[in-house]
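Just below is one structure, and these are the notes that go with it.
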Amino acid sequence: MLPFITGCTLCTDHTARELLTQGRPLFLGVDGEGAAHYWDSYEFAVAIVEGDGEAEKVVLAETPFETLSQWCEYTRGERGWDIGPHVGGPLVGDLVRGVEA
């Protein structure tokens, strides 16, 4: 089990809040290496908090990714997702599938 899921979700949340401007960043999910990802729509940035507490902020403008969706797909390819990602919601997913059909 991942320690921050079983007893320290608040630890990763607190660390993400320290890195990001938005007071309540959106929890995206946990990647395949156990790092929690949080989204800040004000900064257009992702905070990545590793299981050992190490953290970094990635501003999407400083990457080749233009959207949060692209970031999530990149993460899926590089690390996979154990939980999530929680973005878009079912309505958005339905709309995307409808347009792609």
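Take the sequence shown: its position 40, counting from 1, is numbered 92 in this note's numbering, and each next residue is one higher.
For glycine and all other residues, C-beta sits at the position ideal for the given N, C-alpha and C.
All of these numbers come straight from a predicted model, not from anything done at the bench.
Rounded straight-line distance, which links the Cα of L120 to that of G132:
Numbered from its first residue, the sequence shown carries residue 132 at position 80. Numbered from its first residue, the sequence shown carries residue 120 at position 68. Their Cα atoms are separated by approximately 15 Å.
Keeping to the same chain, check which residues put their C-beta closer than 8 Å to that of D104; ignore five residues upstream and five downstream.
Your numbering for residue 104 matches position 52 in the sequence shown. For D104, where only same-chain residues beyond five positions count, there are no Cβ hits under 8 Å.
Pairwise C-alpha distance: L71 and Y206:
Within the shown structure, residues of the chain are numbered from 53 to 153, placing residue 206 beyond reach of any answer.
Exposed or buried, what is V111 when buried is set at 16 or more other beta-carbons lying within 10 Å of its beta-carbon?
Looking up residue 111 in the sequence shown gives position 59. Exposed: under 16 other Cβ atoms inside 10 Å.
Smallest Cα separation from H138: which of Y90, T64, T67 and G75?
Position 86 of the sequence shown holds residue 138. Considering only alpha carbons, the answer is Y90.
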